[in-house]
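Peer 1: Have a look at the structure that comes next, please.
In this note's numbering, the protein residues as written are 287 to 471.
Right, dumping it as structure tokens:
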């Protein structure tokens, strides 16, 4: 009886997820600026998840607003305004994820009457489902990471696990940057 493990296929989803996590952790350890890690993570994870586009928002000082600090694959016509983008804590999936310290999953925006205000935006931008996760440390919430999907649907446990790892690494990156800034001052 042959008990050797089967060779790992490079196209296997689990292998792609592990590679993405490994690359993100390496970026976390070597990057000087958190925005670089956020962008790198979005660019690696979004295709693995099948996300059409994605965003990272950080709480802007003591305000109730989060500012966009990284974006993956946003529609071209909106890119000039991305630097102006703000999300209010507690409003919309990203704002709720940050204020409630929990993942917000919307499998179909058009099937949820509570998100009627978002339906026009979703139609215009071309997304149907959203997953938003808080970027949090033990002490506080730093912002949110949000993935937007063209098709309706939910996530399995493995994909949720990957999202949690990515969100945790992004939060650790933001916290690390704040500590470095404090030491420099």
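C-beta: ideal position from N, C-alpha, C; glycine also. Everything numeric in this text was worked out from a predicted model, so none of it was measured.
(1) Assign residue 470 to one of three DSSP states: helix, strand, or coil.
(2) Can residue 452 and residue 345 be called in contact, C-beta distance under 8 Å?
(3) Does DSSP classify residue 293 as helix, strand or coil?
(4) Pull up the CB-CB distance for residue 543 and residue 352, whole angstroms please, since I reckon it's below 8 Å.
(5) To the nearest angstrom, how far is it from the Cα of residue 319 to the Cα of residue 463?
(6) Taking the C-alpha atoms as reference points, what is the distance between residue 392 and residue 442?
(7) Assuming residue 302 contacts residue 334 (C-beta within less than 8 Å), just tell me the rounded distance between them.
(8) Taking DSSP as the reference, what is the three-state secondary structure of residue 287?
(9) Please give the ranges of any alpha helix (DSSP H) in the stretch 382-443, keeping only runs that are unbroken, at least 4 residues long and fully inside the region.
(10) Return the CA-CA distance between residue 371 and residue 354, expressed in angstroms with no decimal places.
(11) Where residue 288 and residue 330 are concerned, what is the direct C-alpha to C-alpha distance, given to the nearest angstrom?
(12) Using a threshold of 8 Å, state whether the C-beta atoms of residue 400 and residue 419 are closer than that.
(13) Kindly indicate which three-state DSSP category residue 356 falls into: helix, strand or coil?
(14) Please report how far the alpha carbon of residue 421 lies from the alpha carbon of residue 382, in whole angstroms.
(15) Suppose contacts are defined by Cβ-Cβ distances below 8 Å. Is residue 384 in contact with residue 423 by that definition?
(16) Give the straight-line distance between the Cα atoms of residue 440 and residue 368, rounded to the nearest whole angstrom.
(17) With distances taken from CA atoms, which of 414, 357, 363 and 417 is nearest residue 341?
Peer 2: To lay it out plainly:
(1) Looking at residue 470 - three-state DSSP - the assignment turns out to be helix.
(2) Contact: no.
(3) Per-residue confidence for residue 293 stands at a pLDDT of 38, beneath the threshold of 50, marking its modelled position as unreliable; no derived number is given.
(4) Not covered by the structure: residue 543. The range shown for the chain is 287 to 471.
(5) Cα to Cα, the separation comes out at about 7 Å.
(6) If you take the alpha carbons of residue 392 and residue 442, they lie about 14 Å apart.
(7) With 8 Å as the limit, residue 302 and residue 334 qualify as a contact, their Cβ atoms being about 5 Å apart.
(8) Unreliable placement is indicated for residue 287, whose pLDDT of 36 sits below 50; the coordinate value is still reported in the next sentence. In the structure shown, residue 287 sits in coil (DSSP, three-state: anything other than H, G, I, E or B).
(9) Whole alpha helix (DSSP H) segments, 4+ residues: 402-411.
(10) So the alpha carbons of these two residues sit roughly 6 Å apart.
(11) Here the model assigns residue 288 a pLDDT of 35, short of 50, so the residue's position is not dependable and the matter cannot be decided.
(12) Note that the C-beta distance between residue 400 and residue 419 is not below 8 Å.
(13) Judged by DSSP in its simplified three-state form, residue 356 adopts strand.
(14) For the pair residue 421 and residue 382, the Cα-to-Cα distance works out to about 12 Å.
(15) No, they are not a contact pair.
(16) Answer to the nearest angstrom: the Cα atoms are 27 Å apart.
(17) Minimum Cα distance to residue 341 is reached at 357.
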